[in-house]
Ligand SMILES: [Zn+2]
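Residue numbers (the working numbering): 277 to 497.
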C-alpha cells in the first residue's frame, strides 16, 4: 500500500538531489531523470517528462509501480521510465538512479571512448564505467541496451554514447555522488589525455596504480 509519509520523504530527497545536479551543472533544461524506490510499495518516485531538475516539486513528481502502472498525474511519463523500471526489476540492490546529460562525460562517450577509471577514488568506488552505444537503429539507449550491462552486480555507473550518464545506489545521495564522480573523472581524463598527447606520450608511459588496499598488499613485508 502506498504510504504518504514514505512518498513525501522520497519526493523531498529527489527534489534535493535534482537541485544539487542543477546547481553543479550536471543537468540543465528538462533533460535527464532521477528516481527512487519507495519503501512502502513496489513503486518508484520519478520526474515526469518536460520538468527541469530545478523545477521538481511534490506536486509534479510521479509515482509509478514497477509493473509500469502510473498513478494518476497530469504530466507525461518520462521517455526514460522504461530503463529506470528495468534496472529496478533486475537489481533489488538498486534503490535510486540518477541519470544526467552531463557535458564532459557525454562528450567522452560520444567520441566512442570509455571514460578510464584513472583516479584512486574511481578505482575504489566504480571500478569500471561501461560505455553503452546507441540503439542499433540509431535511437537513444533503451532498457534493451541498458539492462544487460547492469546485470553484472558490480556495475554501478555507465555512460551512454550521445546521451548521458547513469549512477545507481542504495540511496539518492549515493547515486548522485556517482553522477558527480563520472563527470569529474571525464574532466580529469580529458586533461590527462590532452597533456599526454601534447607531449607525445601515452597512458602506457605512466606508472601503474591501484587502491590503498592494493598498495598495502604490494608493500614488502
Ligand atoms: Zn536522457
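A virtual CB, placed ideally from N, CA and C, is assigned to each residue, including glycine.
Note that the coordinates shown come from a computational prediction; the quantities given were computed from them, not determined experimentally.
Quick check: is any heavy atom of ligand 1 less than 7 Å from the C-beta of residue 326? no
Hey, could you find the ends of the beta strand (DSSP E) residue 309 is sitting in? 309-313
Consider the C-beta atom of residue 356 and the heavy atoms of ligand 1; say whether any pair is separated by less than 7 Å. yes
Quick check on DSSP: helix, strand or coil for residue 449? helix
Determine the closest residue to residue 304 out of 295, 373 and 312, with distance taken between C-alpha atoms. 295
Would you check whether ligand 1 has a heavy atom nearer than 7 Å to the C-beta of residue 307? yes
Which word fits residue 372, buried or exposed, when buried means at least 16 other C-beta atoms lie within 10 angstroms of its C-beta? buried
Tell me which residue opens and which closes the alpha helix (DSSP H) that residue 297 is part of. 280-299
Residues of its chain near residue 469, where Cβ-Cβ distance is below 8 Å and the 5 sequence neighbours each way are ignored: 479
Quick one, which of 364, 398, 317 and 393 has its alpha-carbon nearest residue 310's? 364
What's the C-alpha gap between residue 360 and residue 476? 42 Å
Sheet register partners of residue 374 (DSSP bridge): 310 and 443
Count the other CB atoms within 10 Å of the CB of residue 354; is the residue buried (16 or more) or exposed (fewer)? buried
If we count Cβ pairs, one from each stretch, closer than 8 Å, do we get three or more for the stretch 327-334 versus the stretch 401-410? no
Taking only runs of the alpha helix (DSSP H) that begin and end inside the stretch 368-432, which ones reach a length of at least 4 residues, in chain order? 379-386, 396-401 and 419-426
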